[in-house]
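Working notes for the structure below.
Number of protein chains: 2
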Amino acid sequence: MSAQDLPFRHVAVIGLGLLGSSLARAVRAALPAIRISGYDADPAVRLRARDIALADVIADSPAETVEGADLVVLCVPVGAMGEAARAMAPGLGAGVVISDVGSSKAGVAAALAAALPGHRIIPAHPVAGTEQSGPDAGFSTLFRNRWCILTPPADVDQADLARLVALWEALGARVETMDAEHHDLVLAVTSHLPHLIAYTIVGTASDLERVTQSEVIKYSAGGFRDFTRIAASDPTMWRDVFLTNRDAVLAMLGRFNRDLAELETAIRDGDGDTLFDHFTRTRAIRRSIIEMGQDDARPDFGRSDHSGAK
Amino acid sequence: MSAQDLPFRHVAVIGLGLLGSSLARAVRAALPAIRISGYDADPAVRLRARDIALADVIADSPAETVEGADLVVLCVPVGAMGEAARAMAPGLGAGVVISDVGSSKAGVAAALAAALPGHRIIPAHPVAGTEQSGPDAGFSTLFRNRWCILTPPADVDQADLARLVALWEALGARVETMDAEHHDLVLAVTSHLPHLIAYTIVGTASDLERVTQSEVIKYSAGGFRDFTRIAASDPTMWRDVFLTNRDAVLAMLGRFNRDLAELETAIRDGDGDTLFDHFTRTRAIRRSIIEMGQDDARPDFGRSDHSGAK
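Going line by line, the protein sequences match chains A and B.
Sequential numbering from 1 applies to the first sequence in the numbering used here.
Sequential numbering from 1001 applies to the second sequence in the numbering used here.
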């Protein structure tokens, strides 16, 4: 891509955790001509980011970080978006596009609109991540073959939107646009409810009288360990997701509770046919996910590589 | 291991799915001097097992399969144990040890004791598996570095027990013994409840009006896909597990429901501190599981190998 074709010339990344540091690395890897500036509210993270040369410059204030940028991407927990936006506002130039990577979108859109009136805001959510946190956890290929959902406002400038799409596609993502409310409903079921349930069962298992925590850990390969991975995700990020996407999460949780009660009744009544039919239906979904390239088809995700050695 | 040191000389495997075929492969790999005979109730599976030479002989009846064996391992769904035991009974020799690989143990112990009075029965449960089924899904290292729980009766012959321990250790497993009731409680939380919840949420997500199934699949990388793996496990096996371990599963489910209701209330009330504290506690469990060698520490299980390519 020649310099004229770059979707942006200077990308400022606010928040240098897993997502922010992955974004900086991905931009540098895919579009090295783009200038990258970075900031994190934690001084220790800024020091580390400088040590590993995560960006062309790590500034000491949000306003300084965004000076001269034509794209700012907020990579902070969704509950901190408004404050981060206000802090950087004095440094924003004219025409800069403001985006983010938050996991809930209607609340973020409202917070950014309130904090940055008159600015060009295009919220975004790359559906990618790992259970790890911090600037060392990021990697440049995190977004490759993953979906990035943009939730542009109705009056978005189409040229701005096209530039943001081009950036994410250059990082390897597949881009989809939808309205923020629909995003929040879809993600409530594909991400937020799974996390809530994983957090719950891991808590349940660690707080029993007749089964010790060491037994739970020892025999976790029977299924439990899959839940511990997502229940190891960043607590601040997830607190904010549940608080900002409350209504959709509670709606999906209501459905889940109803379905769980049905299976509970089937178990209680010894109704094997209901259980068998349900378990057969759910098997098909897995196949579709693998066909769509959204998971690894190797048994056990290839965890053991069939060697069993860890 | 010299022929004199072999824990058994002839192992009969009844049921040649993921577990049975893995057992046959593992015995052949680790202790090639042991004779292996195999049987599956499904004629197509027997044909396939012969094609891939899974055992020294694939017999056409359970009784014929166990003739001359000094160990029989039942690898059928736990609900089919009694019937499988009765079918093979006419072929059993004196002194043969009978074991199994079922995921619930009190019910299996009772079914085997009723079907095979006077026989030496030592129920077992290797806590290992993948989401795949059938004779081609098995592999010889499935049990390596995994726990195998034996639930011997109080009057077990100690020499028999030692031989069964030696076999499982030779296959790479770590062996623990406990009583069947405690096993069922531990596994209810580390395996059965996680499967029930995964089956539930995958069903919930595939049956919504405002979110399409294709959206669920598309954006599954946000957490949902982890649940689809275990919800793709064998429906017959899992139906039987829930029916045979009903009381322990319902007890653990009661705890889970109570804990989920607490988090639901915190979300409804906007109580971020409760959410944050809970999410921080659960993170520590993950670390312990990785330290115990029961999961892969690489982010995302190393699914993407950081290359993103699938």
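From the three backbone atoms N, C-alpha and C, an ideal C-beta is built for every residue, glycine too.
Model, not experiment: these values are computed from the prediction.
Only residues of its own chain outside the window of five on either side were considered, and among them 66 have a CB closer than 6 Å to the CB of residue 92 of chain A, listed in chain order. Under a criterion of Cβ atoms nearer than 7 Å, the residues of chain A adjacent to residue 1259 of chain B are, in order, 200, 203 and 204. Within 9 Å of the CB of residue 1292 of chain B, the CB atoms of chain A belong to 214, 217, 218 and 220, in sequence order along the chain.
Residue range 1174-1177 is occupied by the beta strand (DSSP E) that includes residue 1176 of chain B. Taken in chain order, the unbroken stretches of beta strand (DSSP E) that lie wholly in the stretch 1075-1135 of chain B and span 3 residues or more are 1097-1100 and 1124-1126. A residue is called buried once 16 or more other Cβ atoms fall within 10 Å of its Cβ, and residue 1051 of chain B, having fewer, is exposed.
Sequence-distant Cβ neighbours of residue 175 of chain A in its own chain, meaning closer than 7 Å and more than five residues away, are 148, 150, 165, 168 and 169. Contact residues of the stretch 136-154 of chain A toward chain B are 137, 139, 140, 141, 142, 143, 144, 145, 146, 147 and 149 (C-beta to C-beta distance below 9 Å).
Bounds of any beta strand (DSSP E) do not take in residue 1138 of chain B, whose DSSP letter is neither H nor E. In the three-state scheme derived from DSSP, where H, G and I count as helix and E and B as strand, residue 293 of chain A is classed as coil.
Only 242, 243, 246, 249, 250, 252, 253, 255, 256 and 257 from the stretch 242-257 of chain A bring a Cβ to less than 8 Å from some Cβ of chain B. About 4 Å separates the beta carbon of residue 1062 of chain B from that of residue 1088 of chain B, a gap short enough to meet the 8 Å contact definition.
Residue 160 of chain A is outside the set of residues whose beta carbon lies under 7 Å from a beta carbon in chain B. According to DSSP, residue pairing for residue 1238 of chain B in a beta bridge does not occur.
Between residue 267 of chain A and chain B, the shortest Cβ-Cβ separation is below 7 Å.
When only Cα atoms are considered, residue 1072 of chain B and residue 1030 of chain B end up about 18 Å apart.
Taking residue 133 of chain A as the centre and dropping the five residues before and after it, the same chain places the C-beta of 17, 18 and 234 closer than 7 Å to its C-beta, in chain order. When only Cα atoms are considered, residue 239 of chain A and residue 79 of chain A end up about 9 Å apart. When B/1226, B/1211, B/1203 and B/1183 are compared, the shortest CA-CA separation from residue 212 of chain A is found for B/1183. Secondary structure note for residue 12 of chain A: it is in no alpha helix (DSSP H), and the uninterrupted beta strand (DSSP E) holding it is 10-14. Contact between residue 1126 of chain B and residue 1146 of chain B holds, with the beta-carbon distance rounding to 6 Å and staying under 8 Å.
Sixteen is the threshold: since fewer than 16 other Cβ atoms of the shown chains lie within 10 Å of the Cβ of residue 1095 of chain B, the residue is exposed.
For residue 199 of chain A, the secondary structure class from DSSP, reduced to helix, strand or coil, is helix. A Cβ-Cβ distance of about 12 Å is found for the pair residue 38 of chain A and residue 76 of chain A, leaving them out of contact under the 8 Å criterion.
Listed along chain B, no residue sits closer than 8 Å to residue 117 of chain A by beta-carbon distance, the nearest being about 26 Å off.
Within chain B, no residue has its beta carbon less than 9 Å from that of residue 83 of chain A; the closest one is some 15 Å off. Using a 10 angstroms sphere on the CB of residue 214 of chain A, the tally of other CB atoms stays under 16, which defines it as exposed.
When the Cα atoms are used, residue 225 of chain A and residue 155 of chain A turn out to be separated by approximately 45 Å. Under the three-state reduction of DSSP, residue 1156 of chain B is assigned to coil, being neither helix nor strand. Excluding sequence positions up to five before and after residue 113 of chain A, its CB lies within less than 7 Å of the CB of 121, all in the same chain and listed in chain order. CA-to-CA, the gap between residue 1264 of chain B and residue 1032 of chain B works out to about 55 Å.
Taking a 10 Å sphere around the C-beta of residue 40 of chain A, we find 16 or more other C-beta atoms and assign the residue as buried.
For residue 1254 of chain B, the uninterrupted alpha helix (DSSP H) segment begins and ends at 1246-1269. In the displayed model, residue 1243 of chain B falls within a helix according to three-state DSSP. Straight-line measurement puts the Cα of residue 188 of chain A at about 29 Å from the Cα of residue 1187 of chain B. Apart from the 5 residues on each side of it in sequence, residue 11 of chain A sits with its Cβ closer than 7 Å to the Cβ of 27, 34, 36, 69, 71 and 73 in its chain, given in chain order.
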